[in-house]
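Every number in the working numbering is 384 more than the matching position in the sequence shown, counting from 1.
In what follows, a structure is listed as structure tokens, so that the remarks can point back to it.
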Amino acid sequence: KVNELDKLIQTLVNHAHDVHVVSYEKQAKDQLTDILHERPPRPRQGFLLNGLRFEPIS
Numbered sequence: 385k386v387n388e389l390d391k392l393i394q395t396l397v398n399h400a401h402d403v404h405v406v407s408y409e410k411q412a413k414d415q416l417t418d419i420l421h422e423r424p425p426r427p428r429q430g431f432l433l434n435g436l437r438f439e440p441i442s
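And the structure:
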């Protein structure tokens with residue numbers, strides 16, 4: 385009986401750990417997605433400096 389209970393507790397602990405890791409991983413992915421959406425990819429030409437857009441003279 386004690387062995388079964390010990391196994392059950394161990395399973396619960398492992399499961400809780402998995403759930404925590406999964407939720408942490410999802411949180412990290414969401415944050416990364418937010419960062420990627422906030423900063424559009426830098427255009428090949430031109431850049432922003434203090435809110436002003438600089439473009440190379442064509």
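Virtual Cβ for every residue (Gly too), placed ideally from N, Cα, C.
Inter-residue spacing [alpha-carbon to alpha-carbon] between V397 and Q411: Roughly 21 Å between the two C-alpha positions.
Alpha-carbon spacing of T395 relative to E422, whole angstroms: Approximately 40 Å, taken between the alpha carbons.
How big is the Cα-Cα spacing for I441 and T417? Roughly 34 Å separates the two Cα atoms.
Sorted by chain position, which residues of the same chain lie with C-beta nearer than 7 Å to R437's C-beta, five sequence neighbours on each side aside? When the five nearest sequence neighbours on each side are left out, the beta carbons in the same chain lying within less than 7 Å of the beta carbon of R437 are those of G430, in order along the chain.
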